[in-house]
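From first to last, the protein sequence lines are chains A and B. With the first letter of the first sequence counted as 1, position 50 gets the number 50 in UniProt numbering; the numbers rise by one all the way through. With the first letter of the second sequence counted as 1, position 259 gets the number 259 in UniProt numbering; the numbers rise by one all the way through. One structure below.
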Amino acid sequence: MTLASDHDTAPQVGDLAPKNSLPSGETLIRGLIWAVVLFLCLTPFLLVFAISFGHKVEGASWVWGFSLDNYKRVFVGAEWPDNVTFLYLQKLWYSLYYAVIAAILAVITAFPFTYFMTGLSRRAQAAWLVFILSSLSLSEVFIVMGWDVLLSNRSGLPMLFKVSGATQWLKDVGWFDTLRDWGLANPRNVKFKTSVFATVLTMAYLVWPYAVILLYPPLSRLDRSTVEAAQTMGAGPWTVMRTVILPSVRLPLVGSMLLLFVFLLGVYVAVTVFAEPAKQTMAVSVYEAVRGNTLNAPFGSAQAMILLVTAAVFLGLGQWLSRRNA
Amino acid sequence: MMARTLKTLFMALSALMLALPIMVVSGAALNSGRTMFFPPREPTLARFKEFFITETVWVTALTNSMIVAFASAALAVLIAWPLAYALWSRGTKASQVLAGLGSMPFALPPIVFGVGLGFLWAFLGVLGSLWAGVVSHAALFLALPLVTISIGLQSIDRAHLDAAATMGATPAVTFRTVILPQTIPYTLSGFFFALVLSFNEFIVMFFVSASSYSTVTLQIFNSLRNGYTPTMAVAAITFIVVSLAVFGAIARFGDLPRLMGAEPAKK
Chain A
1 MTLASDHDTA
11 PQVGDLAPKN
21 SLPSGETLIR
31 GLIWAVVLFL
41 CLTPFLLVFA
51 ISFGHKVEGA
61 SWVWGFSLDN
71 YKRVFVGAEW
81 PDNVTFLYLQ
91 KLWYSLYYAV
101 IAAILAVITA
111 FPFTYFMTGL
121 SRRAQAAWLV
131 FILSSLSLSE
141 VFIVMGWDVL
151 LSNRSGLPML
161 FKVSGATQWL
171 KDVGWFDTLR
181 DWGLANPRNV
191 KFKTSVFATV
201 LTMAYLVWPY
211 AVILLYPPLS
221 RLDRSTVEAA
231 QTMGAGPWTV
241 MRTVILPSVR
251 LPLVGSMLLL
261 FVFLLGVYVA
271 VTVFAEPAKQ
281 TMAVSVYEAV
291 RGNTLNAPFG
301 SAQAMILLVT
311 AAVFLGLGQW
321 LSRRNA
Chain B
1 MMARTLKTLF
11 MALSALMLAL
21 PIMVVSGAAL
31 NSGRTMFFPP
41 REPTLARFKE
51 FFITETVWVT
61 ALTNSMIVAF
71 ASAALAVLIA
81 WPLAYALWSR
91 GTKASQVLAG
101 LGSMPFALPP
111 IVFGVGLGFL
121 WAFLGVLGSL
131 WAGVVSHAAL
141 FLALPLVTIS
151 IGLQSIDRAH
161 LDAAATMGAT
171 PAVTFRTVIL
181 PQTIPYTLSG
191 FFFALVLSFN
201 EFIVMFFVSA
211 SSYSTVTLQI
221 FNSLRNGYTP
231 TMAVAAITFI
241 VVSLAVFGAI
251 ARFGDLPRLM
261 GAEPAKK
């Protein structure tokens, strides 16, 4: 495989690689690089694919095989056609649901921020970028820990609501019952854990810095003179936004949402901590099957493959959109 | 004037929102008791001593994190260089495919890559060894140095290369005297991006460590069920300080806006 590809990469005119070196040595290096990349970046995915057709045996082990039972179980349940259950499709649905809302929320709030940031001096931009990148690289476990402290019932926001009298006020004006209907309050006080709200909030927070980084290149390359021209001609800020800025960054906006969405499909820690047990996602289910309680690696692999295909479809969609509009 | 105030207000609010959970966690590190309170009760620095010196669990985890981060970032740079170089100098279909393959682990959900790597290392009988973790992270974060080095190579002025060639420099000499010096800042940035993200990574490490060793993020996740202790918050502070220092250094010595995709600075 590697040798065949080497012929495709025959040196071209203007080649910068040393021409006097032994061709065999160069071929060797190129073959080695191909081997390393294929081995490290492709085989793990191929293994997941292959194992998804196997089946579990007694104990925690599994054997190779070729059956579509694992996929059948994901889509219609193991007892199909006698009994149909959409339990795992529901998990996939929650994966998509959380990811869509969080991605849109992150991009909508990051967009004005990034636009303002790119209007600053280059030094100020660099300082903001340091801050953004630091929070971007902060581990999911720390972020979840922070929000957990902020949202947990005995400290943080619920406590603040109670002490400040906001809870009493909510009860007085009658909004408290609405919050209870939404699952954001227990009889005594507001509660955010566990709820869809907390899950989506943490997930949006998780990708917010990514949204800024993704929107930064198109917004910083935006031609500010057209904005100024529109302003001179008397366009208000909203008109400028609607007619000049948004049309020119529509594509990066959609592209960023897609990328963040794909990223959020795989979120694990935030969902386990903040989502209700009945509303967990496919990523959590993959974990349960491969390392958790159920220990059924082939079934976990099948779910991982479905997650992967979903991600790939949306990444492909993004590629297609950008190419069509290029 | 009004718009300006609103603008500043919005940015300040975003920054506050972004810093809020970090501040809460950091504040909790000062608690003297075993429970996380915010604001902290009886502030003390005893937790810092525990994290860095006395509690072996955390010291071992921190050492493992450092080994994995430094070694995997170095390995990622080493693999990324020839990929980026081939992409820049040849730009053939094959080198594009290769670069695409190299970026795949970073672009797809990490939980799937983690599960796959878990199988791979189990087959080879090395699941749970620290160096398997190093190689895993190198593969996962290969895309980062690949991107920064590519940006660096693209920013080289082709006129310099032509000049070197006209003056009779061999490709090897050109590489050493023109290409390498101009790309070193970008290579270093790629290294540090990979380093910081590896330091903070959780899910892939979770699958490839197979509970036989733990890094700081794994250790924190393990402790999630037993409730938080203020010592964990010290870890969070350490991480954020490391990130700030690293990115601050990149901004100080390199062109951070350019690395992030802004137009080259006008001088």
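Built from N, CA and C at the ideal position, the CB exists for glycine as well. Owing to the predicted nature of the structure, the values given are computational and were not obtained by experimental measurement.
Check                                                                                                                         : Outcome
Proximal residues of chain B, C-beta to C-beta of leucine 308 (chain A) below 8 Å                                             : Leu108, Pro109 and Val112
Beta carbon proximity, threonine 183 (chain B) to chain A, threshold 8 Å                                                      : no
Glycine 300 (chain A) beta carbon less than 8 Å from that of valine 290 (chain A)                                             : yes
Rounded C-alpha distance that separates leucine 9 (chain B) from leucine 215 (chain A)                                        : 20 Å
Contact check, glutamate 288 (chain A) vs threonine 294 (chain A), beta carbons under 8 Å                                     : yes
Length of the line joining the Cα atoms of phenylalanine 52 (chain B) and glycine 102 (chain B)                               : 36 Å
Coil, strand or helix - serine 21 (chain A) by DSSP                                                                           : Bear in mind that the predicted position of serine 21 (chain A) carries a pLDDT of just 48, short of 50, making it unreliable; the figure below should be weighed with that in mind. In the structure shown, serine 21 (chain A) sits in coil (DSSP, three-state: anything other than H, G, I, E or B).
Beta bridge counterpart(s) of valine 190 (chain A) as assigned by DSSP                                                        : A:Ala185
Between the CA atoms of leucine 40 (chain A) and leucine 127 (chain B) - distance to the nearest angstrom                     : 14 Å
Given glycine 292 (chain A) as reference, the closest of B:Leu256, B:Ala235, B:Thr215 and B:Phe206 once Cα atoms are compared : B:Phe206
Collapsed DSSP secondary structure at tryptophan 80 (chain A) in the structure displayed                                      : coil
Leucine 315 (chain A) at chain B interface by Cβ criterion, 8 Å                                                               : yes
Beta-carbon gap between alanine 28 (chain B) and valine 144 (chain A) smaller than 8 Å                                        : no
Spatially closest choice to alanine 198 (chain A) from A:Thr178, A:Ile132, A:Ala127 and A:Ile101, by CA coordinates           : A:Ile101
Alpha carbon of arginine 158 (chain B) to alpha carbon of proline 181 (chain B), nearest angstrom                             : 15 Å
CB contact check: lysine 267 (chain B) to chain A, cutoff 8 Å                                                                 : The predicted position of lysine 267 (chain B) is uncertain, since its pLDDT is 41 and thus under 50; no value can be drawn from it.
C-alpha distance - threonine 217 (chain B) paired with serine 136 (chain B), whole-angstrom precision                         : 16 Å
Cβ shell of leucine 47 (chain A) (< 6 Å), same chain only, five flanking positions each side left out                         : none
Simplified DSSP state of valine 100 (chain A), which is helix, strand or coil                                                 : helix
Simplified DSSP state of tryptophan 169 (chain A), which is helix, strand or coil                                             : helix
Simplified DSSP assignment, three categories, for tryptophan 64 (chain A)                                                     : coil
Serine 21 (chain A) classed as buried or exposed, judged by whether at least 16 other C-beta atoms fall within 10 angstroms   : Confidence is the limiting factor: at serine 21 (chain A) the pLDDT is only 48, short of 50, which leaves the residue's position unreliable, though a coordinate-based value still follows. Per the 10 Å Cβ criterion, exposed.
Proximal residues to tryptophan 208 (chain A) (C-beta, below 6 Å), its chain only, five neighbours per side dropped           : Ala106 and Ala110
The region 106-113 of chain B in contact with the region 47-63 of chain B per 3-pair CB rule at 8 Å                           : no
Buried/exposed call for glycine 118 (chain B), threshold 16 Cβ in 10 Å                                                        : buried
Residue burial classification, aspartate 181 (chain A) (beta-carbon count within 10 angstroms, cutoff 16)                     : exposed
Alanine 64 (chain A) classed as buried or exposed, judged by whether at least 16 other C-beta atoms fall within 10 angstroms  : Checking the sequence shown, residue 64 (chain A) turns out to be tryptophan, not alanine. The residue is exposed, with fewer than 16 neighbouring Cβ atoms inside 10 Å.
Pair within 8 Å by beta-carbon distance, glycine 266 (chain A) and leucine 201 (chain A)                                      : no
Option in A:Val240, A:Ala126, A:Ala297 and A:Asn189 with minimal Cα separation from residue 328 (chain A)                     : Because residue 328 (chain A) is not part of the residues shown, which for chain A are 1 to 326, the question remains open.
For phenylalanine 191 (chain B) and alanine 76 (chain B), the rounded distance between their alpha carbons                    : 8 Å
Endpoints, the alpha helix (DSSP H) within which aspartate 148 (chain A) is located                                           : 140-151
Glutamate 26 (chain A) to aspartate 162 (chain B) span [Cα, whole Å]                                                          : 23 Å
is_contact[valine 286 (chain A), chain B] using C-beta, thresh 8 Å                                                            : yes
Reference leucine 120 (chain B); option with closest CA among A:Trp34, A:Leu42, A:Val130 and A:Ser134                         : A:Leu42
Contact set between arginine 291 (chain A) and chain B, taken where Cβ atoms lie within less than 9 Å                         : Val115, Gly118, Phe206, Phe207, Ala210 and Ser211
Complete beta strand (DSSP E) runs within the region 161-199 of chain B (minimum length 3 residues, chain order)              : none
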